[in-house]
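**Student:** Take the position in the sequence shown, starting the count at 1, then add 38; the result is the number in my numbering.
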Amino acid sequence: HIVSTMEGYGWNIETFSHSERVPILGNTQFTNVVATLNPNAPRKLAMACHYDSKYFNENSNFIGATDSAAPCAMLLDLARTMTSFLKDREKSDVTLQFIFFDGEEAFRTWSATDSLYGSKKLAQHWQSRPHQEDASS
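Pasting the structure below:
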């Protein structure tokens with residue numbers, strides 16, 4: 039839904055998938071979605087949320103659906119309402135970039151090794167890429 043919605047608004051979409059061993063479930067696939075309004079803009083203002091839900095077994099009684107749903111809905115609605123306004127200013131050197139992380143939640147207990155799977159992997163990926171400094175910065 040995130041990818042098709044953002045593509046429908048005319049945003050450039052990149053997905054970053056990886057598999058990782060996690061507690062309880064073992065090898066698990068994660069996919070981060072990065073939506074950029076103008077990928078050629080030299081600077082990006084990033085807003086992020088996570089779209090995964092906390093894993094619980096069938097005996098768990100947990101109410102927390104808005105933990106990730108509300109921020110995702112807010113970013114999707116912001117894209118809907120702002121895209122035409124921002125496209126009129128495409129010559130700006132700054133564009134919006136929305137990052138929808140997968141794997142934010144811990145599977146067993148929140149720790150440095152059991153949480154933030156998607157954001158850590160995307161940070162590693164971006165850190166490994168060369169970065170051009172903007173001369174105006």
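Don't be surprised by glycine CBs; every beta carbon is placed ideally from N, CA and C.
To which residues of the same chain is His56 closer than 7 Å at the C-beta, ignoring the five residues directly before and after it?
**Tutor:** Here residue 56 refers to the residue found at position 18 of the sequence shown. So the list reads Phe68, Lys159, once near-sequence residues are dropped.
**Student:** Rounded to whole angstroms, what is the Cα-Cα separation between Val41 and Thr66?
**Tutor:** Here residue 41 refers to the residue found at position 3 when the sequence shown is read from its first residue. Here residue 66 refers to the residue found at position 28 when the sequence shown is read from its first residue. Computed Cα separation, rounded: 20 Å.
**Student:** Quick check: what's the CA-CA separation for Gln162 versus Val71?
**Tutor:** Counting from one through the sequence shown, the residue named residue 162 turns up at place 124. Counting from one through the sequence shown, the residue named residue 71 turns up at place 33. Looking at the two C-alpha atoms, the distance is approximately 15 Å.
**Student:** Quick check on the burial criterion: 16 or more other C-beta atoms within 10 angstroms. Buried or exposed for Ser122?
**Tutor:** Sequence index remark: in the sequence shown, residue 122 carries index 84 (1-based). Burial call: exposed.
**Student:** In angstroms with no decimal places, state the Cα-to-Cα distance between Glu128 and Thr53.
**Tutor:** Here residue 128 refers to the residue found at position 90 when the sequence shown is read from its first residue. Here residue 53 refers to the residue found at position 15 when the sequence shown is read from its first residue. Each residue's alpha carbon lies about 23 Å from the other.
**Student:** May I ask you to list the residues that DSSP assigns as paired with Gln73?
**Tutor:** Translated into the one-based positions of the sequence shown, residue 73 becomes position 35. The sequence given here has Ala at residue 73, not Gln. Beta-bridge pairing links Ala73 to Ile51, Phe136.
**Student:** Do you know whose CA, among Val60, Asn78, Glu142, Thr119, lies nearest Ala86's CA?
**Tutor:** The count along the sequence shown starts at 1 and reaches residue 86 at position 48. Nearest of Val60, Asn78, Glu142, Thr119 to Ala86, Cα basis: Glu142.
**Student:** On the CB-based measure, 16 or more other CB atoms within 10 Å of its CB, does Ile137 come out buried or exposed?
**Tutor:** Numbered from 1 along the sequence shown, position 99 holds the residue referred to as residue 137. So Ile137 ends up on the buried side.
**Student:** Confirm, please, whether the CB-CB distance from Ile51 to Asn58 is below 8 Å.
**Tutor:** Working through the sequence shown from its first residue, we reach residue 58 at position 20. Working through the sequence shown from its first residue, we reach residue 51 at position 13. Correcting the residue identity first, residue 58 is Glu in this sequence and not Asn. The answer is no: Cβ separation not under 8 Å.
**Student:** Answer with buried or exposed for Gly64, where buried requires no fewer than 16 other C-beta atoms within 10 angstroms of its C-beta.
**Tutor:** The residue labelled residue 64 in the question sits at position 26 within the sequence shown. So Gly64 counts as exposed.
**Student:** How big is the Cα-Cα spacing for Met120 and Ser130?
**Tutor:** By 1-based counting over the sequence shown, the position of residue 120 is 82. By 1-based counting over the sequence shown, the position of residue 130 is 92. When rounded, the distance between both Cα atoms is 15 Å.
**Student:** Who are the near neighbours of Pro157 in its chain, counting only those whose CB is closer than 6 Å to its CB and skipping five residues on each side?
**Tutor:** In the sequence shown, residue 157 corresponds to position 119, counting from 1. The amino acid occupying residue 157 in the given sequence is Ser; Pro does not appear at that position. Cβ neighbours of Ser157 beyond the five flanking positions: Phe139.
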